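Participant: Residue numbers for the sequence shown, in this note's numbering: 23 to 585. Glycine is no exception: its CB is placed at the ideal position from the N, C-alpha and C atoms. In this text, all values refer to a predicted model and were calculated from it rather than measured experimentally. Structure incoming, see below.
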Amino acid sequence: MLLSIQDLKVAFRMGKTGGVMQRQLAVKGVSFDIPENSTVALVGESGSGKSVTAMSILNLLPDNAERTGKILFQGRDLLKTSLRELQGIRGREIACVFQDPMSSLNPVFPVAEQIMEPLIKHLGMTRRQALARAEELLNEVGIPDPKRRLKSYPHEMSGGQQQRVMIAVALACNPKLLIADEPTTALDVTIQRQVMELLSRLKDTHKMSMLFISHDLGVVGEIADQVVVMRHGEIREKAPVADIFHNPQDAYTKALLACRPSLDLNPARLMVIDDHIAGRGAQGAGKAKDPAAPVILEAKGLRKSFFFKSGLFSKTEFKAVKGVDFQLRKGHTLGVVGESGSGKTTMGLTLLRLHEPTGGEVLFEGQDLLKMSGPDWQKMRRRIQVVFQNPYASLNPRFTISQTLLEPMEIHGIGADHAERLATASALLTKVGLDESALNKYPHEFSGGQRQRIAIARCLTLKPEILVLDEAVSALDVSVQAQVLNLLKDLQDEFGLSYIFISHDLAVVKFISDEVLVMQHGDVVEQNDARALLAAPKEEYTKRLLGAVPRGYQGQEPVTAAA
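Structure (structure tokens):
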């Protein structure tokens with residue numbers, strides 16, 4: 023056995039109250055094994071304890087963490103090793119790949135220095151040897167023109183390339199165990215597919231084991247041999263991947279499997295974790311859409327270019343959006359999909375004039391939004407709002423939730439007085455599933471899903487008619503994602519809202535959209551009714567996007583004794 027975790031408990035000291043040290047127990051007696059040459063997946067929602075469990079292996083935890091139990095790595099108890107011994111193991115025998123490569127890579131060093139560091143430190147290579155090995159590693163992880171890329175800085179690479187560099191750093195010393203903590207969560211489906219296939223291939227090539235951490239069972243089903251399901255710091259179920267998908271035993275595992283949108287089914291509402299565990303069906307049903315609803319927004323030849331200096335007197339034009347046409351009907355949702363760099367976010371921000379357009383028209387009730395200025399545009403901005411991807415960066419950390427919700431109403435003169443605005447803010451919080459006790463709290467006191475609900479409530483304070491949702495659920499757990507998607511459908515039914523829903527997740531787009539627009543390199547390559555387009559795509563690019571969507575375990579059902 024390569025690694026054996028036995029009765030691991032992790033508590034965090036929270037400070038003294040009345041002279042007594044308070045502790046928060048995050049991991050509550052977890053036990054599982056990682057055999058040699060195998061992949062074990064840790065699955066659960068945010069707060070389940072999966073990342074704390076994994077980071078306990080190398081003690082990459084805050085100073086206020088306390089660990090008890092055993093973590094046996096090739097017979098050595100890592101809880102009893104000295105810091106010096108542990109530093110010899112980190113990167114050499116056990117390596118990590120984290121979720122956000124941009125925060126994991128050092129922005130002030132070129133890629134070469136970051137790959138060379140463990141080679142020099144752990145293997146005693148000279149700089150010349152380490153540089154040659156770094157080039158080999160970049161080539162192995164699929165970075166084109168590796169010799170040139172060694173001189174690149176992290177910000178000069180795409181998210182997928184940054185993650186490949188992180189994998190190269192992790193594999194530099196041929197570790198026996200790779201800990202991959204949500205390595206594909208922030209990536210679009212095609213890059214996610216490439217990274218998963220890369221990790222699987224490298225695991226076999228290097229004959230190493232992998233601990234793969236994720237909240238998405240669809241991803242886990244394609245890469246894992248064994249699955250450990252965690253909730254609230256405890257293991258709810260552990261079994262071979264085939265058993266988890268074909269015969270899950272725990273209600274929580276069944277709920278995780280069922281709450282993710284599917285490309286095959288199209289329910290009116292998504293089931294959420296609590297519905298499954300309580301044995302309830304999905305509450306409520308979707309409202310039928312009017313196919314003849316009036317067109318509320320129309321784009322004609324919308325274009326956006328960025329210009330970069332390429333000489334003393336010359337500029338280079340980069341065409342990010344190359345002439346987009348669409349119509350959005352009242353109460354309907356237009357899904358916009360594509361890989362990173364396809365222009366979908368730039369298109370959405372240009373609609374809102376957060377990027378000034380290069381050309382085209384955007385007609386709202388017959389008026390061209392792109393030609394408005396001054397008070398007219400200020401009034402119109404009330405009616406078109408945006409919800410951004412990152413719920414942690416969308417809210418001002420210095421504002422209470424009350425201030426966050428009241429500010430837009432005060433700016434636009436909504437409500438007769440402070441009391442009326444406060445009542446509106448309280449009612450909207452209730453509408454998005456929170457209560458008025460949230461008004462006096464700060465953003466850091468809420469989870470990602472709750473913050474996204476607050477961001478949606480902030481938009482609703484202005485009573486908009488159109489919401490641009492830019493990857494608004496991509497940073498959320500599948501269970502929280504289901505709750506927010508159901509909320510968006512409820513708000514659309516109640517207020518007749520129209521959505522432009524930008525996403526790289528086609529299963530989510532199918533669930534919420536009436537029409538889908540597929541973008542690549544700034545062009546619209548395909549546009550059709552959501553079900554028709556995803557059931558029978560015409561363009562090769564759309565087929566490739568669909569083919570990259572994780573579909574979970576596709577192997578045969580295990581043969582039981584009864585069979």
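1) Would the beta-carbon of Phe267 fall within 8 Å of that of Tyr575?
2) So for Ala585, helix, strand or coil by DSSP?
3) Note down, one range per segment and in chain order, each alpha helix (DSSP H) of at least 4 residues found wholly within the segment 139-173.
4) If you reduce the DSSP assignment to three classes, tell me which class Asp230 lands in.
5) I want to know whether the segment 504-521 touches the segment 471-491 - three or more CB-CB distances under 8 Å.
6) My output table needs one value for Thr483: the three-state DSSP class, helix, strand or coil.
7) Curious, which full-length alpha helix (DSSP H) runs of at least 4 residues does the segment 180-209 contain?
8) If we ignore side chains and look at the alpha-carbon of each, how far apart do Ala264 and Ile245 end up?
9) For Leu94, report the span of its beta strand (DSSP E) as first-last.
10) With a 10 Å radius around its C-beta and 16 neighbouring C-beta atoms as the bar for buried, classify Met43 as buried or exposed.
11) Taking only the alpha-carbon atoms, compute the straight-line gap between Leu484 and Pro430 and give it to the nearest angstrom.
12) Would you grab the beta carbon distance between Val409 and Asp492 for me? Rounded to a whole angstrom, and I think it's under 8 Å.
13) Out of Thr227, Arg553, Ile111, which has the shortest C-alpha to C-alpha gap to Asn59?
14) Would you mind reading off the limits of the alpha helix (DSSP H) that contains Glu516?
15) In this structure, does DSSP put Glu432 in helix, strand or coil?
16) Can you grab the Cα-Cα spacing for the pair Cys195 / Glu432, in whole Å?
17) Can you tell me whether Ser236 is buried or exposed, with buried defined as 16 or more other CB within 10 angstroms of its CB?
18) Let me check one thing: in DSSP terms, what residues is Lys331 bridge-paired to?
19) Would you kindly check if the distance between the Cβ of Ala460 and the Cβ of Leu451 is under 8 Å?
20) List the endpoints of the continuous beta strand (DSSP E) containing Leu47.
21) Helix, strand or coil: which one does DSSP assign to Phe348?
22) Specify the secondary structure class of Gln472 as computed by DSSP and reduced to three states.
23) Rounded to a whole number of angstroms, what is the C-alpha to C-alpha distance between Phe330 and Ala290?
24) Give me the Cα-Cα distance between Lys102 and Ala33, rounded to the nearest whole angstrom.
25) Measuring straight from C-alpha to C-alpha, what distance separates Leu528 and Leu513?
26) For Gln185 and Asp122, what's the separation of their Cα atoms in angstroms?
27) How many Å lie between Ala261 and Ala552 at the Cα?
28) Across the segment 94-108 and the segment 147-157, are there enough close Cβ pairs to call them in contact, namely three or more that are closer than 8 Å?
29) Hey, could you find the ends of the alpha helix (DSSP H) Ser126 is sitting in?
30) Does the distance from the C-beta atom of Gly345 to that of Arg282 stay below 8 Å?
31) Rounded to whole angstroms, what is the Cα-Cα separation between Pro205 and Ile189?
32) Kindly list the residues whose CB is nearer than 7 Å to the CB of Ala497, restricted to its own chain and excluding five residues on each side of it in sequence; keep chain order.
33) Quick check: the Cα distance between Gly40 and Asp55, rounded to an integer number of angstroms?
34) Just to confirm, are Leu539 and Leu371 a CB contact at a threshold of 8 Å?
35) Within its chain, find whatever has a CB closer than 8 Å to the CB of Lys92; leave out the 5 residues flanking it on each side and keep chain order.
36) Buried or exposed, going by whether 16 or more other CB atoms sit within 10 Å of the CB of Gln474?
Facilitator: Walking through what the data contain:
1) yes
2) Interpretation of Ala585 is limited by its pLDDT of 34, a score under 50 that renders its predicted location unreliable; the figure taken from the coordinates is listed afterwards. Residue state, collapsed to three classes: coil.
3) Qualifying alpha helix (DSSP H) stretches, in chain order: 149-162, 168-171.
4) Correcting the residue identity first, residue 230 is Met in this sequence and not Asp. Looking at Met230 - three-state DSSP - the assignment turns out to be coil, as it is neither helix nor strand.
5) yes
6) coil
7) 181-193
8) Approximately 12 Å between the Cα atoms of the pair.
9) 87-95
10) exposed
11) 7 Å
12) 7 Å
13) Thr227 is the residue among Thr227, Arg553, Ile111 whose C-alpha sits nearest the C-alpha of Asn59.
14) 500-517
15) helix
16) 58 Å
17) buried
18) Lys337
19) yes
20) 42-56
21) strand
22) Gln472 sits in a helix when the DSSP states are folded into three classes.
23) 46 Å
24) 17 Å
25) The alpha-carbon atoms of Leu528 and Leu513 are separated by roughly 22 Å.
26) 8 Å
27) 36 Å
28) no
29) Element bounds for Ser126: 123-126.
30) no
31) About 9 Å.
32) Gln411, Asn412, Pro413, Gly470
33) Each residue's CA atom was taken as its position, placing Gly40 and Asp55 some 40 Å apart.
34) no
35) Counting only residues of its own chain and dropping the five nearest sequence neighbours on each side, Lys92 has a CB closer than 8 Å to the CB of Ser26, Ile27, Gln28, Asp29, Leu30, Asp99, Leu101.
36) buried
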